[in-house]
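Here the sequence shown stands for residues 3 to 236, where the numbers follow this note's numbering.
Step one of this worksheet: look at the structure below.
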Amino acid sequence: MNSKELKPIIIAIDGYSSSGKSSMAKALAGKIGYRYVDTGAMYRAVTLLAMRGGLISGNGTVDEAGLVAALADANIDFAVGAEGQRTMLNGEDVEREIRSMEVSANVSTISAIPAVRRDLVERQRIYGEQKGIVMDGRDIGTTVFPGAELKIFVNAPAEVRAERRFKELTAKGETVTYEEVLENVRYRDMIDTTRAESPLRRADDAICLDNSNMTIAEQDAWLIARYEEAARRD
Ligand code: DC
């Protein structure tokens, strides 16, 4: 047992969509008493804002000026309720709506817009000012917190991730096929890794985790061990 004190740190968890990083991040934050920030939920909330405001057309054309103006007035935050952490858009609980296939189909387009990223990265950095935070996303270790004390990059093959997402969506009563979900996962991988602004990539100092063959309990234990190492480091 290492008796050295655990100092508050920033934990950045990045990875491909449906890699299980949000569940890992949430579980870790709960166990160690850190704040958890799901940045994917923030991009999803902005996507919903665009859809509701008629600022994104069927073919994916976005009224960027309109969206930037709407975003400047928007409040995006998290609340903790009986059902766990909820994403709030202008005071409304949008947790369920932001996970729909419609939002998933548009979120890559919205998250590739530089002005949207600049706005959200600024909001995300404010959450990190006090340290003691677990943040997950695509560019946390590379752009939001390049100096984070612990960076994890999670991955698993697209088929494994699509299978997980398919189970999640059908359990929630959404009518989708596995093929549709796989197509969406692949499409998001492509956009996430090839966009000009903050593409998804592993930070040079991030620890890689392929969790294809790990149980949730194994992943959680692995992550706690990485946290304890990092929080004890000088
Ligand atoms: O993690 P998720 O599937 O909920 O993320 C939704 C989308 O948001 C995903 O397609 C990529 C984008 N995203 C991003 O570009 N940068 C982040 N930091 C987090 C998510």
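Beta carbons: idealized from backbone N, C-alpha and C, even for Gly.
None of the values given here were measured: they were computed from a predicted structure.
*How about GLY139: is its Cβ closer than 8 Å to a heavy atom in the ligand DC?*
GLY139: yes, Cβ under 8 Å from the ligand DC.
*Out of curiosity, what's the CA-to-CA distance linking ARG234 and ILE34?*
14 Å
*Mind checking whether the beta-carbon of ARG46 lies closer than 8 Å to any heavy atom of the ligand DC?*
yes
*asked:* With distance defined between alpha-carbon atoms, name the residue in ILE193, GLY62, VAL48, VAL82 nearest to ALA71.
replied: VAL48
_Per DSSP, the bridge partner or partners of GLU94_ = LEU91
*Work out the CA separation of LEU50 and GLY62 for me, nearest whole Å.*
13 Å
*Is there contact between the region 177–190 and the region 159–169, where contact requires at least three CB pairs shorter than 8 Å?*
yes
*Where ALA67 and LEU73 are concerned, what is the direct C-alpha to C-alpha distance, given to the nearest angstrom?*
So the alpha carbons of these two residues sit roughly 10 Å apart.
*Scan the region 142–176 and note each continuous beta strand (DSSP E) run of 3 residues or more that stays entirely inside, going in chain order.*
152–157
*asked:* For ALA158 and ASP222, which I take to be in contact (beta-carbon distance under 8 Å), what is that distance rounded to the nearest angstrom?
replied: Not quite, the Cβ-Cβ distance comes to about 16 Å (not below 8 Å), so this is no contact.
*For ARG120, which option in LYS174, THR145, ALA160, ILE12 has the closest C-alpha, if you only look at C-alpha atoms?*
Put simply, of LYS174, THR145, ALA160, ILE12 the residue whose alpha carbon is nearest the alpha carbon of ARG120 is THR145.
*Same chain, Cβ closer than 7 Å to LYS133, five either side skipped, listed in chain order*: PRO10, ILE11, ILE12
*Skipping 5 residues on each side, what residues in its chain have a beta carbon closer than 8 Å to that of THR172?*
VAL178
*Compute the Euclidean distance between the alpha carbons of THR111 and GLY55, then round it to the nearest angstrom.*
16 Å
_Between the CA atoms of GLU124 and GLU94 - distance to the nearest angstrom_ = 22 Å
*Pick from VAL109, MET90, GLU161 that is closest to VAL39, judged by C-alpha positions*: Ranking VAL109, MET90, GLU161 by CA distance to the CA of VAL39 puts MET90 first.
*Quick one, which of GLY17, GLU7, GLU104 has its alpha-carbon nearest GLY143's?*
Taking only the C-alpha atoms, the option nearest GLY143 is GLY17.
*When the Cα atoms are used, what is the spatial distance from ALA29 to GLY60?*
Taking the straight line joining both Cα atoms gives about 37 Å.
*Taking buried to mean at least 16 other C-beta atoms within 10 Å of its own C-beta, is ALA27 buried or exposed?*
buried
*Under 9 Å, do VAL156 and ILE15 count as touching if we go by C-beta distance?*
yes
*Do THR196 and the ligand DC come close, with the Cβ less than 8 Å from some heavy atom?*
Taking the Cβ of THR196 as the reference point, every heavy atom of the ligand DC lies at 8 Å or farther away.
*The alpha helix (DSSP H) with ARG37 in it runs from where to where?*
Counted as a single uninterrupted DSSP element, the stretch harbouring ARG37 is not any alpha helix (DSSP H) but the beta strand (DSSP E) occupying residues 37–40.
_PRO116 beta carbon less than 9 Å from that of ALA205_ = Contact flag unset, no.
_According to DSSP, is ASP79 part of a helix, a strand, or is it coil?_
Looking at ASP79 - three-state DSSP - the assignment turns out to be strand.
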